[in-house]
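Residue numbers (this note's numbering): 1 to 159.
Structure, as structure tokens:
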């Protein structure tokens with residue numbers, strides 16, 4: 001038994017309609033998924049857990065980030081915290097958060113007085129334009145915070 005497959009002719013206009021619908025559907029899904037991944041409430045909750053409900057101070061932290069990152073896959077970040085790093089006064093833990101990444105916690109660094117200084121240089125991945133937040137827990141229980149926005153461009157276009 002052989003079956004014949006019949007080919008249907010599609011006009012150029014119908015082809016453009018189908019392609020256009022596909023492009024719109026794909027664009028809509030990609031926009032929906034990135035907005036669904038925006039996790040600002042999770043970031044706020046995480047900061048609340050770190051600070052124990054106390055207000056965080058905007059002090060002591062120096063953050064170096066590019067204003068515009070041409071590639072969100074490798075965004076350089078440097079931070080340093082002004083601390084004497086003695087037994088009585090030192091940086092315990094530093095968290096790097098990205099508020100619109102699917103998982104906001106990027107990295108956690110633990111320090112002791114033996115570290116000498118609290119400074120790190122690394123690279124991270126950012127899903128899109130967003131705030132990068134550095135939260136430092138000090139040995140006396142206080143929390144310091146610094147926030148900077150990084151605009152992530154994709155192929156030279158804003159994202």
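From the three backbone atoms N, C-alpha and C, an ideal C-beta is built for every residue, glycine too.
The structure displayed is predicted, hence computed values, not measured ones.
In this structure, does DSSP put residue i in helix, strand or coil?
| i | result |
| --- | --- |
| residue 78 | strand |
| residue 42 | helix |
| residue 68 | strand |
| residue 60 | coil |
| residue 14 | helix |
| residue 9 | coil |
Thinking residue i and residue j are a contact (beta carbons under 8 Å), I'd like their distance in whole angstroms, please.
| i | j | result |
| --- | --- | --- |
| residue 135 | residue 94 | 7 Å |
| residue 72 | residue 128 | 7 Å |
| residue 137 | residue 61 | Not really, about 12 Å apart at Cβ, beyond 8 Å. |
| residue 59 | residue 144 | 6 Å |
Expressed to the nearest angstrom, what Euclidean distance is found between the alpha-carbon atoms of residue i and residue j?
| i | j | result |
| --- | --- | --- |
| residue 98 | residue 53 | 20 Å |
| residue 153 | residue 101 | 15 Å |
| residue 106 | residue 10 | 50 Å |
| residue 140 | residue 104 | 26 Å |
| residue 147 | residue 132 | 6 Å |
| residue 90 | residue 142 | 11 Å |
| residue 46 | residue 13 | 52 Å |
| residue 17 | residue 67 | 40 Å |
The beta strand (DSSP E) that contains residue i, what's its start and end?
| i | result |
| --- | --- |
| residue 121 | 118-124 |
| residue 105 | 105-110 |
| residue 138 | 130-138 |
| residue 142 | First-last for residue 142: undefined, no H or E at that position. |
| residue 98 | 91-98 |
Rank the options by C-alpha distance to the C-alpha of residue i and give the top, closest one.
| i | options | result |
| --- | --- | --- |
| residue 69 | 58, 124, 46 and 115 | 124 |
| residue 63 | 126, 122, 139 and 129 | 122 |
| residue 92 | 146, 77, 118 and 73 | 118 |
| residue 56 | 65, 66 and 44 | 44 |
| residue 65 | 82, 87, 110 and 130 | 130 |
| residue 96 | 8, 80, 115 and 14 | 80 |
| residue 109 | 142, 126, 13 and 78 | 78 |
| residue 83 | 67, 112, 76 and 74 | 112 |
| residue 85 | 120, 74, 116 and 14 | 116 |
| residue 120 | 126, 114 and 76 | 76 |
| residue 74 | 126, 12 and 14 | 126 |
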